[in-house]
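Residue numbers are given in the numbering used here: position 131 of the sequence shown equals residue 178, and the series is strictly consecutive. No residue lacks a Cβ here, since even glycine has one placed at the ideal position from N, Cα and C. The structure appears below as structure tokens.
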Amino acid sequence: RVTQLDIRPQPPEKEDKLSVWPYWATKMRTSSSQAEGAEREFQVATLEFIGEDGALTGVKCCEVDEKRKPIAGTEFVIRADLAFIAIGFAGPAAVGPVSELAGQMKIAIDSRRSNNVEANDRDYKTSVENLYAAGDVRRGQSLVVWAIREGRQAARSIDEALMGSSVLPR
Ligand SMILES: Cc1cc2nc3c(=O)[nH]c(=O)nc-3n(C[C@H](O)[C@H](O)[C@H](O)COP(=O)(O)OP(=O)(O)OC[C@H]3O[C@@H](n4cnc5c(N)ncnc54)[C@H](O)[C@@H]3O)c2cc1C
């Protein structure tokens, strides 16, 4: 059995094009895989993974309100031996170089944008001298063209800082 959990409410069967244009219209979509038999739970959050001897045995969940806050008394457990986390880009890993730098070097973090590293899109300098950030780690999950552009502009900024001027294109 496959159960798909979604923290958002169940979307309507028909989209309201006028209220969402020009964005991707929200409506209930069912893929061929879901049609084959996946159960879907909406407005549900994962609270905890439950395990025995290092192996997953269940997922503790609860219902959430419109602000995605858990509703007390609605907890339930889904028996599970495998869990896939597919929540999109959730920011730089909580454990890893960014959090280590944040701890050791007090690098500024953009808390409004998934804890990305804070740097502007002119010189790409972070709050730590000689440390630059470009691409997804600064901008958040995005497109490869932005990563390439930011990488090139950051390279120019670094060149300017090292040489006093840069021959690289803007
Ligand atoms: C599944 C998926 C599909 C996508 N599809 C598209 C698409 O169709 N079109 C599109 O334009 N964009 C797409 N993107 C987004 C695109 O891939 C990214 O925006 C882009 O790759 C970001 O480039 P980046 O250089 O900022 O980061 P990344 O490409 O993530 O590069 C970061 C690098 O840092 C390395 N790294 C991490 N930690 C360390 C460490 N401690 N030490 C040394 N190296 C480290 C990583 O191994 C990685 O090579 C997709 C992304 C994903 C995840």
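- Task: Take L94 as the anchor and find which of V111, L190, V49, D168 has the nearest alpha-carbon.
- Result: Position 47 of the sequence shown, counting from 1, holds the residue named residue 94. Cα-wise, what sits closest to L94 is V111.
- Within the same chain, show all residues whose beta-carbon is closer than 8 Å to that of A29, passing over the 5 residues directly before and after it, in chain order. No statement about residue 29 is possible, as the shown extent of the chain runs from 48 to 217 and does not include it.
- Which residue or residues does DSSP assign as beta-bridge partners of Y171? To locate residue 171, count along the sequence shown from 1; it is residue 124. DSSP, once it has assigned bridges, lists no residue as partnering Y171.
- Message: What residue range does the beta strand (DSSP E) around K107 cover?
- Response: Indexing the sequence shown from 1 puts residue 107 at position 60. First-last of the beta strand (DSSP E) with K107: 102-110.
- E197 versus K114, R126, I125, A180, residue with shortest Cα-Cα distance: Locating residue 197 in the sequence shown gives position 150, where the first residue counts as 1. Cα-wise, what sits closest to E197 is A180.
- Message: I'd like the list of long-range same chain contacts for G87, defined as Cβ closer than 6 Å, with 5 residues on each side in sequence excluded.
- Response: Within the sequence shown, the letter at position 40 stands for residue 87. Before going further, note that residue 87 is Arg rather than Gly in the sequence given. If we look at R87 and ignore the five residues flanking it on each side, its Cβ neighbours are Q51.
- Leaving aside the five residues before and after R217 along the sequence, list all residues of the same chain whose C-beta is less than 8 Å from its C-beta, in chain order. On the sequence shown, residue 217 is found 170 positions in, with the first residue counted as 1. Excluding sequence neighbours, R217 sits near Q200, R203.
- Going straight from the alpha carbon of V184 to that of L215, what length do you get? Counting from one through the sequence shown, the residue named residue 184 turns up at place 137. Counting from one through the sequence shown, the residue named residue 215 turns up at place 168. Rounded to whole angstroms, V184 to L215 spans 23 Å at the Cα level.
- Query: What's the C-alpha gap between F89 and K116?
  - Reply: Your numbering for residue 89 matches position 42 in the sequence shown. Your numbering for residue 116 matches position 69 in the sequence shown. F89 and K116: Cα-Cα distance of roughly 13 Å.
- Task: Let me know the secondary structure DSSP gives D53 once reduced to three states.
- Result: Translated into positions along the sequence shown, residue 53 becomes position 6. It is a strand residue.
- Does the beta-carbon of I154 have 16 or more other beta-carbons within 10 angstroms, so that it is buried, or is it exposed? The sequence position of residue 154 within the sequence shown is 107, counting from 1. So I154 ends up on the buried side.
- Query: Who are N163's beta bridge partners in DSSP?
  - Reply: Locating residue 163 in the sequence shown gives position 116, where the first residue counts as 1. D157.
- Message: With a threshold of 7 Å (Cβ to nearest heavy atom), would S158 be considered close to ligand 1?
- Response: Residue 158 sits at position 111 when you count from the first residue of the sequence shown. No.
- Item | D219 vs V91 beta-carbon contact at 8 Å | Residue numbering for the chain in the displayed model covers 48 to 217; residue 219 lies beyond these limits and cannot be assessed.
- Using alpha carbons as the reference points, say which of M152, A194, Y70, K107 lies closest to T121. As a working mapping, residue 121 is identified with position 74 in the sequence shown. Nearest C-alpha to T121: K107.
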